[in-house]
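Below is one structure, written out as structure tokens, with a few remarks after it.
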Amino acid sequence: MALTEPKPPAVDPLDVARIKADFPLLTGTTVNGYPIVYLDSASSSQKPQAVLDAMDDVYHHAYANVHRGVYGIAAEATERYEAARAKVARFIGAPSTAGVVFTKNVTEAFNLVAYSWGRANLSAGDVVVLTEIEHHANLVPWLMLQQEREIELRFIPMAPDYTLDLSGLDRLLDGARLLSFTAMSNVLGTLTPVRHLADAAHAAGALCMVDGAQYVPHLPTDVIELGCDLFGFTGHKLLGPTGIGVLWGREELLDQMPAFLGGGEMIRDVRLDGWTPNDIPWKFEAGTPPIVEAVGLGAAIDYLENLGMDAVRRHEIALTTYALDTLAARFGNELTIQGPTDPAGRGGVLSFSYRDVHPHDISQVLDERGVCVRAGHHCAKPLMRVLGVGATARASLYVYNDEADIDALADALDAAGEFFAL
Ligand SMILES: Cc1ncc(COP(=O)(O)O)c(C=O)c1O
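In the working numbering, the protein residues as written are 4 to 425.
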């Protein structure tokens, strides 16, 4: 084959047309008649019919509170809830269900750790290491603890190529009790070297916690291979419903951590002069849990496993490559993407600035053509300051997006360019 001959188009490992048909919202049109081009999955993903059906089925046929009633449907509801936990454990490579705690979202998971582990183990001067690229969910709980306990926070900086600058890692980890960081940036798309950082944290005598909110929906995940002690993610970004998140932790660590919220479910015994906690994971699940949401998350995991997480990742790399190439070819220097240039080192999160048009204006004009992108600070204000911008527009990709969606984005950006040139 001659060197100049164009490469044949890569075969997409996912049948996106068939996948799209599984998502009721994506088959609709906007009020002005455009097909919906949903490019905001980093914020929250759409839900396939299978997830809606699984949740509906609980309400229709198996709804009761869990871990309480001994009648048939209560036992069935409990079984479905705990089966969802088993699916989560398998999906993230957790050795058992005992380490899988259901929370409201990943934000609650990190607050749980800061409140429980943090308040039991940290006092003035103790060091927690974070990074400059964190979402507020893995930042504010530690800032709150800093205010309360005067702990010391240190930050791994961002390098000019949008990766983490690890040149000062040993110094930053010196004396640290915890290193907590995102596995994939929700602004830059950067994949961080999780295993390397976990090993470095352990070598320094620190625990390692990972924010998997953007990682789990897009890459095969194995918490043991990643080497972390604590790992959180959120259901609504991986085709599941809102109101359900997960904190995974090594069992002996969770066992030692004090309970977070108090009430029903989380106790073994209560007297008027005291109480004893339940076993993990229920020790951390106070009150009636998100039963139907957990079942929906289980159905989302079934859906993704059916596609195959390797195929999901290969699709993302192929589509991100197409998006980076298309935007560069059509807009050149007028459009700047804040994030790594190599698709293998990033996810399909494309934060961009276009000419000097405000991201909110871009988002609004794109919306008129059915193209949904997020605009704003993406809950990462410190990172925005490092990038020197107040906001970006952000297009983010998932299993139901294809090259036609990227072309629609580019066409809508052309229209925005013309509109704002007037
Ligand atoms: C990297 C990252 N961490 C944490 C969160 C918080 O997720 P939730 O709002 O579901 O708790 C998000 C959501 O955007 C995120 O992208």
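All C-beta atoms in this analysis are idealised placements derived from N, C-alpha and C, irrespective of residue type, glycine included.
Query raised in the report: Who does M187 pair with in a DSSP beta bridge?
Result: Here residue 187 is taken as the residue at index 184 of the sequence shown, counted from 1. M187 pairs with L194.
Query raised in the report: Taking the continuous beta strand (DSSP E) assigned at P280, which residues delimit it?
Result: Taking the sequence shown and counting its residues from 1, the one referred to as residue 280 is at position 277. Per DSSP, P280 belongs to the beta strand (DSSP E) from 277-280.
Query raised in the report: Is G252 helix, strand or coil when you go by DSSP?
Result: Against the sequence shown, residue 252 aligns to sequence position 249. DSSP places G252 in strand when its eight states are reduced to three.
Query - Straight-line gap, G379 to N35 (C-alpha atoms, nearest Å) - result: The residue you call residue 379 lines up with position 376 of the sequence shown. The residue you call residue 35 lines up with position 32 of the sequence shown. Each residue's Cα considered, the two are about 25 Å apart.
Query raised in the report: So, are the CB atoms of L28 and C375 less than 7 Å apart?
Result: Here residue 28 refers to the residue found at position 25 when the sequence shown is read from its first residue. Here residue 375 refers to the residue found at position 372 when the sequence shown is read from its first residue. Result no, Cβ atoms of L28 and C375 do not sit closer than 7 Å.
Query raised in the report: How about N114: is its Cβ closer than 6 Å to a heavy atom in ligand 1?
Result: One-based indexing of the sequence shown puts residue 114 at position 111. Incorrect: N114 has no Cβ contact closer than 6 Å to ligand 1.
**Report entry** Assigned exposure category for Y325 - 16 Cβ within 10 Å defines buried
**Finding:** For the purposes of this step, residue 325 is taken as the residue at position 322 of the sequence shown. So Y325 counts as buried.
Query - Alpha-carbon spacing of E319 relative to S399, whole angstroms - result: Taking the sequence shown and counting its residues from 1, the one referred to as residue 319 is at position 316. Taking the sequence shown and counting its residues from 1, the one referred to as residue 399 is at position 396. C-alpha separation (whole angstroms): 10 Å.
Requested in this report: Using beta-carbon positions only, say whether P16 and A407 come within less than 7 Å of one another.
Outcome: Working through the sequence shown from its first residue, we reach residue 16 at position 13. Working through the sequence shown from its first residue, we reach residue 407 at position 404. Not in contact: P16 and A407 (Cβ atoms no closer than 7 Å).
Requested in this report: Check A321 in the structure and name its three-state DSSP category.
Outcome: Numbered from its first residue, the sequence shown carries residue 321 at position 318. Correct three-state label for A321: helix.
Requested in this report: Helix, strand or coil for H199, going by three-state DSSP, please let me know.
Outcome: By 1-based counting over the sequence shown, the position of residue 199 is 196. Three-state result, H199: helix.
**Report entry** Enclosing alpha helix (DSSP H) for D417 [first to last residue]
**Finding:** As a working mapping, residue 417 is identified with position 414 in the sequence shown. Note, D417: alpha helix (DSSP H), 406-424.
Query raised in the report: Apart from the five residues just before and just after T7, which ones in its own chain have a Cβ nearer than 7 Å to its Cβ?
Result: Reading the sequence shown from its first residue, position 4 is the one you call residue 7. Low confidence applies here, because T7 scores a pLDDT of 46, under 50, leaving its location unreliable and the question unanswered by this model.
Requested in this report: Can you have a look at E421 and say buried or exposed, based on whether 16 or more other CB atoms are within 10 angstroms of its CB?
Outcome: Within the sequence shown, residue 421 is the residue found at index 418, counting from 1. Classification of E421: exposed, given that the 10 Å Cβ count is below 16.
**Report entry** Any residue whose CB is nearer than 5 Å to a heavy atom belonging to ligand 1, listed in chain order
**Finding:** N108, V109, T110, H138, A140, T185, N189, D214, A216, Q217, T237
Query raised in the report: How about the segment 301-308 and the segment 51-58: do they share at least three Cβ pairs that are nearer than 8 Å?
Result: yes
Query raised in the report: Since F236 sits in a beta bridge, which residues does DSSP pair it with?
Result: As a first step, residue 236 is located in the sequence shown; it is residue number 233 there, counting from the start. In the DSSP output, where bridge partners are listed per residue, F236 has V249.
Query raised in the report: Thinking C-alpha only, which one of A396, L210, A418, G230 is nearest W120?
Result: Residue mapping note: residue 120 aligns to position 117 of the sequence shown, counting from 1. Closest by alpha carbon: L210.
Query - Rounded straight-line distance, which links the Cα of Y401 to that of V19 - result: As a working mapping, residue 19 is identified with position 16 in the sequence shown. As a working mapping, residue 401 is identified with position 398 in the sequence shown. Near 10 Å, if we compare the C-alpha coordinates of Y401 and V19.
Query raised in the report: Enumerated in chain order, which unbroken segments of the alpha helix (DSSP H) with a length of 4 residues or greater are wholly contained in the segment 141-185?
Result: 143-152, 172-176
Query raised in the report: Under three-state DSSP, which class holds Y66?
Result: Walking along the sequence shown from the start, residue 66 turns up at place 63. Of the three classes helix, strand and coil, the one that applies to Y66 here is coil, per DSSP.
Query raised in the report: Would you say the segment 257-264 touches the segment 286-300, given that touching needs at least three Cβ pairs under 8 Å?
Result: yes
Query raised in the report: Under the rule that 16 or more other beta-carbon atoms within 10 Å means buried, what is K384, buried or exposed?
Result: For the purposes of this step, residue 384 is identified with residue 381 of the sequence shown, where counting begins at 1. Classification for K384: exposed.
Query raised in the report: Hey, is G342 close to ligand 2, as in C-beta under 6 Å from one of its heavy atoms?
Result: This structure lacks ligand 2; the ligands present are ligand 1.
Query - Cβ-based neighbour list, R317, same chain, cut-off 7 Å, excluding 5 preceding and 5 following - result: On the sequence shown, position 314 is the one that residue 317 refers to. Excluding sequence neighbours, R317 sits near P16.
Query raised in the report: Out of V73, A80, A57, Y74, which has the shortest C-alpha to C-alpha gap to A65?
Result: Position 62 of the sequence shown, counted from the start, is the residue given in the question as residue 65. The candidate whose alpha carbon is nearest that of A65 is A80.
**Report entry** Counted within 10 angstroms of its Cβ, other Cβ atoms place H381 as buried (16 or more) or exposed
**Finding:** Locating residue 381 in the sequence shown gives position 378, where the first residue counts as 1. With 16 or more other Cβ atoms within 10 Å, it is buried.
**Report entry** Top-ranked residue by Cα proximity to H138, from D173, G348, M187
**Finding:** As a first step, residue 138 must be located in the sequence shown, where it is residue number 135. Closest option to H138, Cα to Cα, is M187.
Query raised in the report: Residues in its own chain within less than 6 Å of S2 by CB, not counting five upstream and five downstream?
Result: Residue 2 lies beyond the residue range present for the chain, which begins at 4 and ends at 425; the question has no answer from this structure.
**Report entry** Contact between the segment 150-170 and the segment 185-201 (3+ Cβ pairs under 8 Å)
**Finding:** yes
Query - Helix, strand or coil at D60 [DSSP, three-state] - result: Taking the sequence shown and counting its residues from 1, the one referred to as residue 60 is at position 57. Correct three-state label for D60: helix.
Query raised in the report: Tell me which same chain residues have a C-beta within less than 7 Å of the C-beta of A87, skipping the five on either side of it?
Result: Looking up residue 87 in the sequence shown gives position 84. Excluding sequence neighbours, A87 sits near A297, V298, L300, G301.
Requested in this report: For the beta strand (DSSP E) holding A78, just list the boundary residues, first then last.
Outcome: In the sequence shown, residue 78 corresponds to position 75, counting from 1. Looking at the DSSP string, A78 is not in any beta strand (DSSP E); the run it does join, the alpha helix (DSSP H), is 75-94.
Query - Of the listed residues G348, Y84, K107, I340, nearest to L222 (C-alpha basis) - result: For the purposes of this step, residue 222 is taken as the residue at position 219 of the sequence shown. The shortest Cα separation from L222 among G348, Y84, K107, I340 belongs to G348.
Query raised in the report: Leaving out five residues before and five after L146 in sequence, what residues of the same chain have Cβ atoms less than 8 Å from its Cβ?
Result: Taking the sequence shown and counting its residues from 1, the one referred to as residue 146 is at position 143. Within the same chain, L146 has close Cβ partners L156.
Query raised in the report: The beta strand (DSSP E) with Y357 in it runs from where to where?
Result: One-based indexing of the sequence shown puts residue 357 at position 354. Unbroken beta strand (DSSP E) run through Y357: 352-357.
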